[in-house]
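Residue numbers (our numbering): 51 to 266.
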């Protein structure tokens, strides 16, 4: 299921999940998500793909250091790939993460604070380190939850090929996606971004309500 909202406000999550939602949420580091889970029985999980992306962008600035960090993260992704190919269940994934990925997460947890002082806060490397450390609790949480993915790429990849036809006026809306995973849909992913929709020809009366509803 995918739902679209024109706003990035935390209230969109209330309308989507309801104020009484209890369970797990996985997202990037956008501030609406911590605001939503505050004072709720909701566990927030980070996205290692978003954390990794910053270090890719910083490779030119700090090839050796950023490369080492990406290698560490890449080890975790390699293990996740093996688990996926073997169709491992949540219990096995949790056990494997605790015996393998945890040592990588702990190594990065020790190293990143030391590296932070070397780079200007607004540099690409400084921003990548700050993003990771600022969301460290949610990034590390997947280690103890085998039902949770290492990132929310499944939803990002699924939402990219969304086809809307060629008869829409050009609008830009903010993207919110929610997916189901695990038992009884207990787990949901979220992401933020933009989708551009283009129409060839005059606008129809149906466009306005469609944009307001923002659902596909």
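Cβ atoms here follow ideal geometry from the backbone N, Cα and C, with glycine treated the same way.
Which listed residue (99, 112 and 132) has its alpha carbon closest to that of residue 204: 99
Of the choices 198, 193 and 175, whose alpha-carbon is the least far from that of residue 101? 175
Can residue 140 and residue 93 be called in contact, C-beta distance under 8 Å? no
Could you work out which residue in 91, 194 and 126 is closest to residue 148 when comparing CA atoms only? 194
C-alpha distance - residue 242 paired with residue 115, whole-angstrom precision: With a pLDDT of only 42 at residue 242, under 50, the local geometry of the prediction cannot be trusted, and the value read off the model is given with reservation. Cα to Cα, residue 242 sits roughly 29 Å from residue 115.
Check whether residue 129 and residue 151 have beta carbons under 8 Å apart: yes
Can you tell which of 108, 190, 165 and 112 has its C-alpha closest to the C-alpha of residue 153? 190
Output the distance between the C-alpha atoms of residue 217 and residue 188, rounded to the nearest integer angstrom. Because the pLDDT at residue 217 is just 42, under 50, the model does not fix this residue reliably, and the value given afterwards should be weighed accordingly. C-alpha separation (whole angstroms): 41 Å.
Could you give the C-beta distance for residue 167 and residue 104, rounded to a whole number, given that I count them as a contact under 8 Å? About 17 Å separates the two Cβ atoms, so there is no contact after all.
Apart from the five residues on each side of it in sequence, which residues of its chain come closer than 7 Å, Cβ to Cβ, to residue 277? The structure shown does not extend to residue 277, since the chain spans only 51 to 266, so no value can be given for it.
Tell me which same chain residues have a C-beta within less than 6 Å of the C-beta of residue 169, skipping the five on either side of it? 175 and 176
Measure the Cβ-Cβ separation of residue 125 and residue 97 and say whether it is below 8 Å. no
Which of the three DSSP states, helix, strand or coil, is assigned to residue 243? Bear in mind that the predicted position of residue 243 carries a pLDDT of just 42, short of 50, making it unreliable; the figure below should be weighed with that in mind. Coil.
Residue 131, buried or exposed, once every other Cβ within 10 Å from all chains shown has been counted against 16: exposed
Under a Cβ-count criterion, where at least 16 other Cβ atoms within 10 Å of its own Cβ denotes burial, should residue 165 be classed as buried or exposed? buried
First through last residue of the alpha helix (DSSP H) which encompasses residue 128: 113–135
For the beta strand (DSSP E) containing residue 76, name the first residue and the last one. 73–76
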